[in-house]
């Protein structure tokens, strides 16, 4: 993987991204020839509200509602395809997995914040602020994860009886 930083900055401006983060096996230094490149991006749009249930992302260029979230149209898919295509060329990789941080669940957000390497930040400190935010979300969600685990363990025990 070769990163074209100038092209990456152009992409970030074109698609209104404030962060582009490498995470996963490439960021951890465990990539092999079959590994895909995991990239997380965050748009300059506000974060979705929790009660929205992490709705599908709708980019501003596609006439999304305030906050950019709602139903997806064919134009939305084209926007996402164009973003992936441009990132593949900027990163010189053939297999790219794209995650929108704006709609990522707390566990994935925490993984990105923990393992991630910022490739682009619109402003200095964006990634560090994101790491703090992701840690707080993960901490809050941990209680729910634990309750889910206890519930599932109870159901499994019940099924075995």
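In our numbering, the protein residues as written are 114 to 274. For glycine and all other residues, C-beta sits at the position ideal for the given N, C-alpha and C. Since we're looking at a predicted model, the values are computed, not measured.
According to DSSP, simplified to helix, strand and coil, what is residue i?
{"i": "residue 146", "result": "coil"}
{"i": "residue 129", "result": "coil"}
{"i": "residue 116", "result": "coil"}
{"i": "residue 189", "result": "helix"}
{"i": "residue 228", "result": "helix"}
{"i": "residue 218", "result": "coil"}
Can the beta-carbon of residue i be found less than 8 Å from the beta-carbon of residue j?
{"i": "residue 240", "j": "residue 116", "result": "no"}
{"i": "residue 225", "j": "residue 217", "result": "yes"}
{"i": "residue 141", "j": "residue 210", "result": "no"}
{"i": "residue 125", "j": "residue 235", "result": "yes"}
Give a yes or no on whether the minimum CB-CB distance between residue i and chain D is below 8 Å.
{"i": "residue 245", "result": "Absent from the structure is chain D; it holds one protein chain and no more."}
Residue i: which of the options sits nearest, CA to CA?
{"i": "residue 196", "options": "256, 234, 129, 265", "result": "129"}
{"i": "residue 248", "options": "221, 153, 261", "result": "221"}
{"i": "residue 120", "options": "232, 267, 189, 255", "result": "232"}
{"i": "residue 238", "options": "144, 143, 270, 131", "result": "131"}
{"i": "residue 208", "options": "123, 147, 260", "result": "147"}
Starting from the C-beta of residue i, find all residues in its chain whose C-beta is less than 7 Å away, skip the five residues before and the five after it, and write them out in chain order.
{"i": "residue 293", "result": "Outside the displayed range of the chain (114 to 274) lies residue 293, so it cannot be described from this structure."}
Enumerate in chain order the residues of its own chain whose CB-to-CB distance from residue i is below 6 Å, with the five nearest sequence positions on each side excluded.
{"i": "residue 251", "result": "219, 223"}
{"i": "residue 139", "result": "150"}
Assuming residue i contacts residue j under a Cβ cut-off of 8 Å, what Cβ separation, rounded to an integer in Å, is found between them?
{"i": "residue 152", "j": "residue 200", "result": "6 Å"}
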